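Numbering (the UniProt record's numbering), first residue to last: 1 to 326.
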């Protein structure tokens with residue numbers, strides 16, 4: 001492996017992978033592999049998501065999070081581990097912490113009407129929850145969900161080639177997978193002295209899933225922990241998505257690909273009273289996917305580091321660690 005200490009997240013063009021040009025495709029796979037083996041993050045353009053559609057989703061989530069708390073809590077579903085609908089302020093905390101993050105969020109998952117009745121996965125998923133106050137939310141969110149899912153499938157094809165697997169290795173594993181579109185509001189703090197001293201917008205963590213695709217956040221604050229212990233800022237251009245490795249992919253590849261720790265730090269004290277919005281798409285496989293380390297990623301120099309588990313088992317364990325399930 002080539003060891004690289006990046007000063008910024010590498011930028012790639014997904015069109016190089018999808019254009020049909022074999023040389024460009026191979027170069028994309030090589031750059032992606034280098035990035036994911038070292039820092040676990042890239043920024044990509046030509047992902048298929050238009051600025052207009054992004055702007056429309058940001059407009060509706062600002063409208064939703066601007067509603068009174070007693071209206072928002074109508075859409076809170078603790079009985080399903082908050083996997084659909086609204087999750088209130090401070091309810092989620094990072095693994096290993098008890099202090100809640102300074103955020104609230106809204107989850108959209110697979111739309112059940114899009115899953116064939118003969119697919120047993122349909123019975124595993126709760127129905128989406130849609131706020132009646134914002135009727136346009138459903139169509140816009142589902143349009144973005146499908147677009148990001150498609151971009152994610154292309155990224156997984158490139159990852160499969162880097163791992164010397166068949167290009168469509170992940171295809172059946174993510175078909176109607178348990179992916180989540182999360183609309184996040186890091187809410188304003190009018191009096192910083194009133195929140196716990198260790199409270200942050202999002203404490204340092206790794207993502208649970210295979211890969212995460214992040215629509216450009218509305219303010220600075222996202223940072224990634226480099227291998228040498230230095231935190232570097234993640235900034236993406238308006239036409240880019242940030243795409244990072246999650247814990248499931250790290251587990252499958254026996255840490256060959258890095259699920260890198262990242263965080264969202266608080267702004268300067270004088271800006272604590274401002275909002276920040278962010279929309280990640282957490283790409284999950286079907287619950288039955290086997291996360292047993294790939295044989296090609298295990299050898300004498302890198303012995304197997306994880307117990308065998310399915311994606312569903314691993315997700316359940318992590319949701320309990322995050323305080324979202326009892």
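A virtual CB, placed ideally from N, CA and C, is assigned to each residue, including glycine.
None of these values were measured; they are calculated from a predicted model.
Every beta strand (DSSP E) stretch that sits fully inside the segment 70-152 and reaches 3 residues is listed by chain position as 85-87, 104-108. With a 10 Å radius around the Cβ and a threshold of 16 neighbouring Cβ atoms, residue 66 comes out exposed. Contact check between the segment 259-269 and the segment 199-214: three or more CB pairs, one atom from each, fall below 8 angstroms, which counts as touching. The alpha-carbon separation between residue 33 and residue 159 amounts to approximately 7 angstroms. Residue 311: member of the alpha helix (DSSP H) spanning 311-321, first to last residue. Taken atom to atom, the span from the alpha-carbon of residue 299 to that of residue 164 is near 16 angstroms. Fewer than three pairs of CB atoms, one per stretch, sit closer than 8 angstroms, so the segment 20-28 makes no contact with the segment 241-253. Around the Cβ of residue 103, a 10 Å sphere holds 16 or more other Cβ atoms; the residue is buried.
Bridge pairing for residue 244: 41, 212 [DSSP]. With 16 or more neighbouring CB atoms inside 10 Å of its own CB, residue 44 falls in the buried class.
Distance from the CA of residue 316 to the CA of residue 322, rounded to the nearest whole angstrom, comes to 10 angstroms. Ranked by how close their Cα comes to the Cα of residue 319, the residues 274, 206, 245, 230 have 206 in first place. In this structure, 143 is the residue among 222, 143, 86, 292 with its C-alpha nearest to the C-alpha of residue 50. Counting only the Cα atoms, residue 296 lies some 42 angstroms from residue 55. Residue 269 is not a Cβ neighbour of residue 188, given a cutoff of 7 angstroms. In chain order, 213, 281 place their CB closer than 6 angstroms to the CB of residue 148, counting only its own chain and leaving out the 5 sequence neighbours on each side. Inter-residue distance for residue 74 and residue 80 is about 14 angstroms (C-alpha atoms, whole angstroms). Under the three-state reduction of DSSP output, residue 257 falls in the coil class, being neither helix nor strand. The beta strand (DSSP E) runs lying completely inside the segment 260-313 and spanning 3 residues or more are 262-264, 276-283, given in chain order.
Within the same chain, Cβ atoms closer than 8 angstroms to the Cβ of residue 111 are found at 128, 142, 145, the five residues on either side in sequence being excluded. Per DSSP, reduced to three states, the secondary structure at residue 195 is coil, with no helix or strand assignment. The beta-bridge partner set that DSSP reports for residue 222 consists of 264.
From the listed residues 225, 267, 246, the smallest Cα separation to residue 5 is found for 225. Excluding five sequence positions before and after residue 289, the CB atoms of its chain that fall closer than 7 angstroms to its own CB belong to 173, 310, 311, given in chain order. Pairing residue 279 with residue 246 gives a Cβ-Cβ distance that is not under 7 angstroms.
The alpha carbon of residue 285 has as its nearest neighbour, out of 59, 14, 248, the alpha carbon of 248. Distances from the CA of residue 87 to each of 68, 71, 107 were compared; the closest alpha carbon is that of 107. Of the candidates 16, 181, 18, 37, 181 places its Cα closest to the Cα of residue 85. A Cβ-Cβ distance of about 25 angstroms is found for the pair residue 257 and residue 83, leaving them out of contact under the 8 angstroms criterion.
Residue 202 sits in a strand when the DSSP states are folded into three classes.
When the beta-carbon positions are compared, residue 170 and residue 156 come within less than 7 angstroms of each other. Taking residue 215 as the centre and dropping the five residues before and after it, the same chain places the C-beta of 54, 279 closer than 6 angstroms to its C-beta, in chain order. Where residue 13 is concerned, there is no enclosing alpha helix (DSSP H), although the beta strand (DSSP E) around it starts and stops at 11-13.
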